[in-house]
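What the sequence shown shows, in this note's numbering, is residues 222 to 1432, in sequence order.
Note that beta-carbon positions come from the ideal geometry of N, C-alpha and C, so glycine has one too.
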Amino acid sequence: MSQAKDRELLRRLEMIARVKPSPESTARAMDHARQALLDAAQVPATEPESASKTHYIKWRPLTQVAVAAMVMAAISIGIVVWKGSFNQPSDRGVARRTNPITIDQRLANLERLKLEAGQIQKLAALADTVGLLNMLETAQPANQQIIAKYLGDLAGPEAVPALSRLAVKWTGPAMANPFILATSQIQTRLASAIASEPIKQDPISVAPKTGPSLLNGRVTDLGTGDPIAGAAVSVSGSGTFETRTNAQGVYSFNTLNPEGYYRVQVTAPGYLGLTSFKEMPRVSLSESKAMTQDVQLRKGCLVTVHVVDQTGQPVKDVSVTASWLGSDHDNVVGHQGITDTDGQSLVGAVETSEIEYMVTAMHPDFAPQRASIKCSDPLIDHSLEITLTPGQNVPAYAEYSDHVAAEGVMIIARPEWWHSTLEPPSQTVGSDGRFTLTSVASQTYRLFARFSQENGSSYELEVAQKTLPLADGDLLLLTLPQASPPVTESVIGTIRWVDNLKPESLDILAYTATQPDEGPAATQYSQTTLNDNLDAFEIKDLVPGLYNLSFRGTNVRPVLVPDVSTSDDSLIVTLEYVPTPTLKGAILRADTGAPIKNFTLALRKQLDLPNLLVYADKRLYRPMADNEAGQFDIELPGTGTYQALIQSPGYVPVTKMLEITGDDRELVLNMRQGGTIMGRVQDIHGQDITGASVTVTSQTSDSSAIKVVTENGQFSVSTIPEGLAKLRISHPDHGSLDIEDLDVVQGITLDLSLITLNIGATIQGYVLDNAGLPVPRAMLIVEDGSQDTSRASRLATVTTDDTGYYQISGLPSDLCYVTRRDPATHTGVVRRSLIGEKETTYELDFGVGPQVTGRLAEATGELVANTRLLLSHPTNPASLLFQSYTQTDGAGLFTFAGIPAGHYGIYRQLPGTTAWTQVTTFDMLHDDMDLGLIPPKTAKIRVSLISGSNVVTTGWRILLQQGQSLWLQSPFLKQVDQPEEGDSRYLLDQVLPGDYCVIAQRNDSSQSVRLPVTMLPDGTDQDLIIELPAGHIAMSGRIDNVSNEALILFNQDKTLVMPIQEQDGRYRLSGIPAGDYVISNAFLGDMAPLEAFTLTADTKALELSIDTQQWISTGQGLIGVQVAGQDGLPLMSAEAWLTNETGTLTPLLRTDSELIFIAPIGPYTLTVSHDGFETQSENVTIESNAQIALYPERSVISVRLNTKRNPLKMP
């Protein structure tokens, strides 16, 4: 191979490594890739003639259908999807395959999940916790883990209920449950944050310094600028301190613990204080310099609440809270109040809003009650009255699904209208399964079970909806949707120490050694630490089975004991004490071998567990100065795996992994100087640009990007690793420029001479609310629409002026998203997008233009009042292209203002969840539009699951997907975790007319059976029967050259798909039926198989090793097309096709912003059309992508269509 080809292959391979996630996220994603996607089966041709139709889907070994499919962590932060193909129905009611799944469809699966992951990244970049919660329960399971991580970093208590609901569905290691980890992170952060009414406490461990002011500032009214006297100002760091502002609004602290970071909280009666962790300013204090932090507060609304009993007498000590009904979550706003002897309490301050607040009142002697109030003007006195009535007691019994009494489980009864994170009275189930619900009013309740976990966290499951109390005082019976906790066992053993030398402590980790044949199982972990008696151990609370035991610790040589049974009570383990190891060595120049005198060596000890990588607390940092020999000698904190990072001025940083087993280790590292890139940056008028950001990223190594700023136009970037590099230059007023494939050579300076930045695109416009009023001081955030979401970045932020006007310049000639901060907390248009062009100004208004009106009703005809609605992409409510929120009024009427022409969907938030369900789609023209009464008549789908001759009612869930494509174009519309009470069937209700897929999915997401169904406009109910699959063959083997792209096993008909998960260089599969199989990845399929083979019914096991380097080039390439009008607005409904002498190709995937093609390499003619625009053609070339099996890199073409001339103004 030529040197140029060598370099190109290396560049592409390193490009894959560059976008690879962090070790922690990669490990988590690969460990928990058991989050399911779906495969398929087909509806039979014949149906009973009754109004309720029954379809059958059966599993047969070779060709007949029920399909398992899985999600695996794959590309960048994206997730790869596999789905099998469908079988045609036969006259026997059994589905048979006709059309194999195409490469287009497989790559579409990949692209759709990558797009979803990109949306998550952008929401996280905006700190849009409400938007993240919107996606949490509807995103693909693997992406839910990513969302949970962000919520743990960003969210408050409003995220806990949703995270708890998902915690129980986790099938991975308990200690790595992302939903529990996120919940614990939120609780820990909130516990350390300042309470709404700060309590003064003494600093811990550090004596406070007293003297001149260390922190001071002024608190003023944001609207008037007037000082706010008596405002409470608190700071929290090493200790918590508070003071109040004087008559001039000034505060001052001179008693603090300096040299640290503090959070500043400010509250004042009648104002919206800075109380959330995200809002509180962070200040750094030191003794040498005073810090000034001024704060402006906005006025809010105060509500006086009067609480009386049924006789009109005031009720004392009632807890009163307010929550905003425009929120997607049951959050509490303002301060919680307690009524006084007159039954009064002041609630607030709260934000002004045209959407009502719900005020909830609770008292132990009464049933909870609520009232609603609109707070639209902070200058108006708001008040309301709530009447409480005593409730009744309801006797109840709760048991697990295996009929064991649910002892210790907490049962919570929330009224159907509940909209608060505060809890109504809860009851704990006794040893006999009995408990009593108290203070129950006559209404519908949602009943939840809360399960406690060993780590102190908990999760909830909804178990029933009931109208209480029951007739004649009947006993309420609840069956919880999970089995009772398993019986646990212990591993008991003794330890023999070589020469009787022992360390101070010992860590023992037990984790499951095998997986059951019925499908992938979660690895179970248990950690035990010995401190006193190091001669014996007992590892308790293990689920019966085989475990691997890992013995580790400081001064302990690591030992792994495999396949230990929980019935073993006489295990003997021999361990060896090792002295504290040291790391010795030298840092030398790679070119001359001379020692490097000044360097920094940082060591980070890691704990390396199966499927889990956790950094330990131990971190060593050793700066070496004037070290003539370039040597180091460091005592290490015990044996284990270490990450070493060596840095020295003028040299490329070096990272190395070290395994320390107990012996001293010697290490010699060579450092290279790298190359240098320099140049001069000017604008289009030849003027030098100062302050332009210059970022250099290596394309052939995973080293960190290097950033500098131009001074008088000049820049110089050194210590760049040898190989290919990418240079990005950007400036807010002059746009940006990318230069790729720069050849960097060690010791050589590459002078780029003169670089000219063109003036970027400019967008401007007005932000109006849903009532058409300007929104002053609204923050807009602009992000790029990069296809690689790991590189997407915030481009600019701007705040509207008092008239709602904004302007942003210097934007790139690419797709950009413009979003209001915290978009889901507003009404009106909150997201827009634009494909700009340099030196062009675009008008991009929020809420300006035609209106869409209508009235929303239930299937029963009952009007849907006070319900949150979302207008967005017709198949993806989480689309970043366009979003607008509104709320129905008391009569079900709604209005969306400022909707540009296009094809849209309207979504309704499902009660009590963060999920959205579509109620209609429509085409918006250029004038106001009234949709009338929606939705049309709905129907029910009932699903029965059959395994052999048995009806299955546990272990599976039913999902409803919109559309019948093999990939998910939108999140699941509905999920049902258990059958109806008193029935073996799962119920999907209120299903609109249209095409759907009903999916039966294992609770561990390891198998899915998928059935397309069409719901007719006449509202006909449908009954489905799905027979579940089985298999007995096992496969295992070695995996060489593991790639970042997930491998899969699938049969010839592509009806069965299983992930191949690498662990310690091997893989294992089980439960495979007989048939013809291929090993490949999700989107190449059998176009470039790694292996092909047959499993017969007599096969019990197959040993087969895999080498990913066997992949051959497919001769295929990718291209993406983005279409916009001359106004820069994306045209979501555009059509495009490629033609050459062999025929015509259509897009393999239509995302909400791009049309994506995969085709043989070569020249094509690209044609793009859209109603109302002139059709346009241009020549394009699809280039070879030798690594398409590993990384679907593509070029993106932007096409701008001209509006058709219409001199007669005809429609």
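Evaluate residue i with the Cβ neighbour count: other Cβ atoms within 10 Å of its Cβ, from every protein chain shown; 16 or more gives buried, anything less gives exposed.
i	result
N168	What the structure shows of the chain is the stretch from 222 to 1432, and residue 168 is not part of that stretch, so it cannot be assessed.
N1400	exposed
P870	exposed
A468	exposed
G968	exposed
T1424	exposed
K520	buried
F307	At F307 the pLDDT is 29, less than 50, meaning the model places this residue with poor confidence and gives no usable figure here.
DSSP three-state label for residue i, please.
i	result
F1193	coil
A582	strand
I1379	strand
Y872	coil
D1000	Note that residue 1000 corresponds to Met in the displayed sequence, not to Asp. Three-state DSSP puts M1000 in a strand.
A1345	strand
R1042	coil
M356	helix
G1025	coil
A453	strand
I374	Per the sequence shown, residue 374 should be read as Asp rather than Ile. D374 falls in the helix class under three-state DSSP.
Q1130	strand
T1317	coil
Q406	helix
L369	Correcting the residue identity first, residue 369 is Ala in this sequence and not Leu. Three-state DSSP puts A369 in a helix.
N364	helix
Are the CB atoms of residue i and residue j nearer to each other than 9 Å?
i	j	result
D586	S660	yes
S998	T1020	Ser is not the amino acid found at residue 998; the sequence shown has Arg there. It is a contact, given that the beta carbons lie within the stated cut-off.
S168	V1173	This structure does not reach residue 168, given that the chain is present from 222 up to 1432, and the question cannot be answered.
L1232	L1245	yes
D1066	L1146	no
D728	R773	yes
Y680	R667	no
T1116	G1126	no
V1299	F1271	yes
E932	A982	no
L866	L824	yes
In terms of DSSP beta bridges, what is residue i paired with?
i	result
T1116	T1074
C1037	D1005 and L1055
C596	None, per the DSSP bridge assignment.
D972	M899
I1220	L1180 and R1231
M1236	G1215
A1017	V1003
E1064	Q985
S641	Answer is none; S641 lacks a bridge partner.
P707	DSSP lists no partner for P707.
Suppose the cutoff is 6 Å on Cβ atoms and the five residues either side in sequence are ignored; what does the same chain contact list for residue i look like?
i	result
P690	Q613, V615 and V661
D962	L945
T649	M631
R886	L804
N891	L809 and A811
D530	V536 and L609
Leaving out five residues on either side along the sequence, give the residues of the same chain with a beta carbon under 8 Å from the beta carbon of residue i.
i	result
L971	G896, T897, I898, M899, L963, D964 and V965
T1386	L1359, T1360, N1361, S1398, E1399, N1400 and V1401
K1321	H1253, I1254 and A1255
Is residue i close to the ligand ATP? I mean its beta-carbon at under 8 Å from any heavy atom of the ligand.
i	result
I898	The ligand content of the structure shown is nil, which means the ligand ATP is not present either.
Ordered along the chain, which non-local residues of its own chain (more than five positions away) have a Cβ less than 7 Å from that of residue i?
i	result
K510	none
D854	T803 and K805
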